[in-house]
Structure formats: structure tokens, C-alpha cells
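Asks: Residue numbering for the sequence shown follows the numbering used here, beginning at 657 and increasing consecutively. Cβ atoms here follow ideal geometry from the backbone N, Cα and C, with glycine treated the same way. These numbers were taken from a predicted model, which means no experiment stands behind them. Take this structure first; my questions come after.
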Amino acid sequence: MDHGKLRVNGKRLQSTLEQMAKIGGTPGGDVQRLTLSDEDKQARDLFVKWLKEIDCEVTIDEMGNIFGRRAGRNTALSPVMSGSHIDSQPKGGRFDGILGVMGALEVLRTLHENKVQTERPMVIVDWTNEEGSRFAPAMVGSGVWAGALKLDWAYDRKDIAGKRLEDELARIGYKGTAPCRKFPVHGYYEFHIEQGPMLERQKKLIGAPKGILCLHWYDIYVTG
Numbered sequence: 657m658d659h660g661k662l663r664v665n666g667k668r669l670q671s672t673l674e675q676m677a678k679i680g681g682t683p684g685g686d687v688q689r690l691t692l693s694d695e696d697k698q699a700r701d702l703f704v705k706w707l708k709e710i711d712c713e714v715t716i717d718e719m720g721n722i723f724g725r726r727a728g729r730n731t732a733l734s735p736v737m738s739g740s741h742i743d744s745q746p747k748g749g750r751f752d753g754i755l756g757v758m759g760a761l762e763v764l765r766t767l768h769e770n771k772v773q774t775e776r777p778m779v780i781v782d783w784t785n786e787e788g789s790r791f792a793p794a795m796v797g798s799g800v801w802a803g804a805l806k807l808d809w810a811y812d813r814k815d816i817a818g819k820r821l822e823d824e825l826a827r828i829g830y831k832g833t834a835p836c837r838k839f840p841v842h843g844y845y846e847f848h849i850e851q852g853p854m855l856e857r858q859k860k861l862i863g864a865p866k867g868i869l870c871l872h873w874y875d876i877y878v879t880g
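Set out below in C-alpha cells:
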């Protein structure tokens, strides 16, 4: 087979995205799938099911990050990783975050059905609490994995109702046992919707950003 002619199945990707959009979908067409909610669990369960259907090895770490690994020809090589997040903002976009996970899944589905063996392993990841809309700050799962945040500190984050992140991980069955720490990665790619007007104005379908928004979180206390 000429691997250069391989193409993903766009209709299947669209169907996958639509199936996910129904989980936490609102009458207005938005999605409300907050981190570690029942809707998040339902979406996670479906994602894990899809990973197993294409023979990926599924690992869930202490922060609930989900990794789906497809073996490569040379197991000694570090993997190529791609992914994003399944959780959403309150009444968030239907494709925000989820496109990065389902897009990577579609790539692995295409490789699987065409019996293509890559030289390196390939890994898909769903990062826990990437949005930060329920447990502040954002990017907690990836932050602990990267060593920027402490696990115990992350576990103690509370939502507006006082529920702890660790307790909610356990409640939905996604407090894994694998250590949450970074491992060597050959390259990381994230497929994301454009959150601005540039591509649309230029009538471009895709682009490679040169920079990204930097977030700062502040605790402000007002007395008196």
C-alpha cells in the first residue's frame, strides 16, 4: 500500500464528534460536560471503548488522564503523542477540545483498518480538568503530568460546592493507579478549532500557530 495516499474518514470523524456532542448536549446546541461530572464519565467510557476496539493499550493515571497507546514496530522508541480534552466549559462549544481527541482517534482508526504499522508507538491522551471551569486552575491533569503541579495539591482542588477533585475522580471510577508523571515523547500534536477570525478571514482550512494564549490565574480577596 502507498501510505502517502492514506486519508482519514471525514464522515466517520464527524459522526464521532456528533456522538460525543450528545453527551451533555443542551437544547441550544451547546455542550455542558464539566470535569468529573456524570457526563464526563459517560464520554470517558465511550472513548475508552473506542480505544479498545482498535487494540490500543489503555492506561489511566492517578489524575485520571487517559492514554491510549498503539504499538509501533520499535518499542524502544519514544511515542508520538496527540490529544486534548473531553471536558467542556459550561455551555461550551461542541468541538472545543474534543476535536483534538477524536481527530487523533480517527488517525489511529485509519491506521488500524489499513493494517499500517508505524515505526514508533503512537499515543492518544485525554487530559483531566484541562478547562478548569469546575476545578480551578485549568490544565491540572497535564500540569501534574509535566511536573509543574503537585499531585496532592491537585487532589485538594474544590469546586463551588466544596467537592474535592480526588473524591470526584474516585466517584466516577477514573482515579487510576499509574503514576502521573511525564515520559519521553518524540513529538506532541494537538488538533484544535480556531478560536479567532484569522483562518476564516483568509478562507484557509488549517494553519499552524506560532504562539498561544498564556493564562494567568489570580486569587483576589476583597474585605470591608
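#1: What are the uninterrupted segments assigned as alpha helix (DSSP H) that are 4 or more residues long and contained completely in the segment 738-799, given in chain order?
#2: Here's a check: name, in chain order, each residue in its chain whose Cβ is nearer than 6 Å to the Cβ of Val796, leaving out the five neighbours to either side.
#3: Can you tell me whether Ala760 is buried or exposed? The criterion is at least 16 other CB atoms within 10 Å of its CB, across all chains shown.
#4: With DSSP collapsed to three states, give me the class of Arg820.
#5: Leaving out five residues on either side along the sequence, give the residues of the same chain with a beta carbon under 7 Å from the beta carbon of Ala699.
#6: Quick one: complete alpha helix (DSSP H) runs, 4+ long, within the segment 831-876?
#7: For Arg700, report the span of its alpha helix (DSSP H) as first-last.
#8: From which residue to which residue does the alpha helix (DSSP H) around Thr672 run?
#9: With respect to the alpha helix (DSSP H) encompassing Leu807, which residues constitute its N-terminal and C-terminal limits?
Replies: Walking through what the data contain:
#1: Here the runs fully enclosed are 754-769.
#2: As a first step, residue 796 must be located in the sequence shown, where it is residue number 140. If we look at Val796 and ignore the five residues flanking it on each side, its Cβ neighbours are Asn785 and Ala810.
#3: For the purposes of this step, residue 760 is identified with residue 104 of the sequence shown, where counting begins at 1. Ala760 comes out buried.
#4: Reading the sequence shown from its first residue, position 164 is the one you call residue 820. Strand.
#5: Position 43 of the sequence shown, counted from the first residue, corresponds to residue 699. Close CB contacts of Ala699 within its chain, under the 7 Å cut and outside five residues either way in sequence, are with Met676, Ile679, Arg689 and Ile742 (chain order).
#6: For the segment 831-876, the continuous alpha helix (DSSP H) assignments of 4+ residues that do not extend past its boundaries occur at 854-857, in sequence order.
#7: Translated into the one-based positions of the sequence shown, residue 700 becomes position 44. Arg700 -> alpha helix (DSSP H) spans Asp694 to Glu709.
#8: Here residue 672 refers to the residue found at position 16 when the sequence shown is read from its first residue. Where Thr672 is concerned, the enclosing alpha helix (DSSP H) stretches over Gly666 to Ala677.
#9: The residue given as residue 807 occupies position 151 in the sequence shown. Its alpha helix (DSSP H) spans residues Leu807 to Tyr811.
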